[in-house]
Amino acid sequence: MSSAMSAPRSDDVSAVVILLDVNPYFWGTKTSTGFTFEQFFQHVLVFINCILLLSHLNQVTVIAMGASACTFLYDSAAIDGTASGRSKQEKRPESRSTTITQKLQEFVKKDEAAETNLGPVENQFSNLSGSLSMALCYIQRILRKPTAPPQPRILCVQGFPDAPQQYIAVMNSIFSAQRCSVPIDACIVGSQHSAFLQQASHITGGIYMKPPQPEGLFQYLTMVFATDLYSRQFLQLPRSAGVDFRASCFCHKRTIDMGFVCSVCLSIFCKHHKACSTCGANFNVKKGGQKRKHPSS
Ligand SMILES: [Zn+2]
Ligand SMILES: [Zn+2]
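What follows is the structure in structure tokens.
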């Protein structure tokens, strides 16, 4: 599949949208390596400062994804754009960290109040699809600026495993990113690989990585994910050994190895239906559905 990256320029300015998994259902459980949320958050804060130090034109936007919602925590472009009337002290890194931390605390409180309506704990996944959509909408705004727009990319730092019920929304976001030439990088801090983000990086030409030692997260972030799109062609960056192409069925949102595919709209089902629930196409009952292996590949 072709890479989503358009020919990068050597004077590239990066606009990095970071999606942070702050789901309390992931960070509340003890991770196998003992990596805590405080450590994770400190590593990410220093990484944000690093990107902004690499070039004064670089932009960083941080979106938090919780169990029920997602929100913008920080936007360096918005703060710098209105900085003329502010004191210089507000632009200093310690102030940036304080702003992000305060916003995060507000978000976690709101998320906690909202997630009690979500039902059983096992259904409370991180809101990857929502945060990807927010990131893409924001990037559209950047790309429509009349002045030379920076090269946008998305970095998703995910801990919680994939939510099969978000499959359709996540895949739609991935294809939108591919169309806009926005690479999706993925850094997995949880114990399980993410099939969604493996596919996202593969389709959009981003980097997928699951650090073997999460306690060294900052090193991985700076050495791998801080590099701009132009520099990447000169570096030996980690490439994913394999991509899990399995899809989720549209009827029960379960991950399946084999399934039925609608010949009209390519919807995927785990068992044979008389009609497609997406487009209404009527299947030939005598012959049955067409069975295909790995429908998404
Ligand atoms: Zn199903
Ligand atoms: Zn259909």
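Start counting the sequence shown at 1; every next residue gets the next number (full-length UniProt numbering). No residue lacks a Cβ here, since even glycine has one placed at the ideal position from N, Cα and C.
Could you tell me the boundaries of the beta strand (DSSP E) in which residue i lies?
| i | result |
| --- | --- |
| R153 | Q151 to Q158 |
| S14 | S14 to D21 |
| L73 | C70 to D75 |
| A64 | Q59 to M65 |
Cα-Cα, which of the options is closest to residue i?
| i | options | result |
| --- | --- | --- |
| C249 | L217, M258 and A241 | M258 |
| C265 | A275, I256 and K271 | A275 |
| L73 | V46, K103 and A67 | K103 |
| I268 | I168, I188 and Q124 | I168 |
| T61 | A148, L155, Q178 and H43 | L155 |
| residue 314 | A186, W27 and G280 | For the chain, the structure presents residues 1 to 297; residue 314 sits outside this window and is missing. |
| F47 | F35, A241, R96 and V13 | R96 |
| A15 | F125, P164 and L57 | L57 |
| K110 | Q140, T98, P24 and A135 | P24 |
| F35 | I188, V261, L19 and G205 | I188 |
| V13 | S201, T227 and N127 | T227 |
| E38 | C50, D21 and L54 | D21 |
| H202 | R141, P238, G190 and Q192 | P238 |
With DSSP collapsed to three states, give me the class of residue i.
| i | result |
| --- | --- |
| A200 | helix |
| I48 | helix |
| C279 | coil |
| N284 | coil |
| V182 | coil |
| A78 | helix |
| V189 | coil |
| T255 | strand |
| S248 | strand |
| I207 | coil |
| V108 | helix |
| F35 | coil |
Please report the residue range of the alpha helix (DSSP H) in which residue i lies.
| i | result |
| --- | --- |
| C137 | L128 to L143 |
| F26 | P24 to W27 |
| F218 | L217 to Y220 |
| R232 | L229 to R232 |
So is residue i buried or exposed if we call it buried at 16+ other beta carbons inside 10 Å?
| i | result |
| --- | --- |
| residue 310 | Outside the modelled stretch of the chain, which goes from 1 to 297, sits residue 310, for which no answer is possible. |
| S131 | buried |
| Q178 | buried |
| S263 | exposed |
| A64 | buried |
| S277 | exposed |
| C70 | buried |
For ligand 4, any of its heavy atoms closer than 7 Å to the Cβ of residue i?
| i | result |
| --- | --- |
| N58 | The model depicted lacks ligand 4 and carries ligand 1 and ligand 2 instead. |
Sequence-ordered residues whose beta carbon comes within less than 5 Å of a heavy atom of ligand 2 = C262, V264, C265, S267, C276, T278, C279 and A281
Neighbourhood of ligand 1 [Cβ distance below 6 Å to any heavy atom], ordered by chain position | This selection yields C249, C251, H252, R254, F269 and C270.
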